[in-house]
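Last residue of the sequence shown: 217 in the working numbering, with the numbers rising by one and none dropped. All C-beta atoms in this analysis are idealised placements derived from N, C-alpha and C, irrespective of residue type, glycine included. Beneath this line is the structure, given in structure tokens, with notes to follow.
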Amino acid sequence: MNLILDTSTENLVVILENNGDCDVSSCPAQVKHQEFLLPEIERILEKNKVTLENIDTIGVVVGPGSFTGVRLAVATAKAFCYVYKRIKLVGINMLDFLNFVCSKMCNENYLVLIKCTATKCYVGERKNGDFEKYILENDKLSVFKSKKLFALNLDKVGNIETEKIVLSPKDYVDYFKSRCEAGDFTDCNSLSIAYMALSQAEENLKNAKNN
């Protein structure tokens, strides 16, 4: 039995998976993850009459995405693994996850996009079989207009039209399973967050030092 957690976006996702069957708790956008994550985990476990002792593996999205959200889910997953030593851990990079999903729909070179700030986005670029991750200002996306552009939960980034990707529970489970089958587990102590960008507080501090 497995647990998948994603608090990297405005939507809170908790999935309990067991031999292909899954129960999903997906809260509305813009909830306060710190208030809802643990109650939702408890609710879905109680509903299925299981406890954390029954969990074999936890998959947790490590970003990039919301700084606060990602830290919350990662800290929660680590805490569970510290207490229940037998639980394995899979860190899920959202850009790699989106590449996994989009590669099933498109054989061409493409970009997958996640909102970073109002003017920047996290980018995963698939090019000739390679996949590169970086941050790009929205107004520079125009040079990629000839490529297929996919965006998480968005049909437009800046002034550029994109193909909106809304992840399904099956997407989460399929990617999680692929990582487990490959034996791609992460030690609890070495699990790191895929920040890629400075937090707003760090940006403000950096700007203050430069001024």
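- CA-to-CA, the gap between Leu-78 and Lys-84 works out to about 10 Å.
- The beta-carbon separation of Thr-125 and Asn-144, rounded to 6 Å, stays under the 8 Å limit for a contact.
- Considering only Tyr-181, Asn-24, Thr-82 and Lys-94, the residue with the shortest C-alpha distance to Glu-41 is Thr-82.
- Contact check for Leu-95 and Phe-191: beta-carbon distance about 6 Å, within the 8 Å limit, so the pair qualifies.
- Residue environment: Gly-135 is assigned as exposed (fewer than 16 neighbouring CB atoms within 10 Å of its CB, all protein chains considered).
- Using a Cβ distance threshold of 8 Å, Tyr-116 and Lys-153 count as a contacting pair.
- For Ile-50, the enclosing alpha helix (DSSP H) has its first and last residue at 39–53.
- For Lys-154, the uninterrupted beta strand (DSSP E) run begins and ends at 154–158, by DSSP.
- Look at Glu-114 here: in three-state DSSP terms it is coil, with no helix or strand label.
- When the five nearest sequence neighbours on each side are left out, the beta carbons in the same chain lying within less than 7 Å of the beta carbon of Cys-28 are those of Ile-21, Leu-22, Pro-175 and Val-179, in order along the chain.
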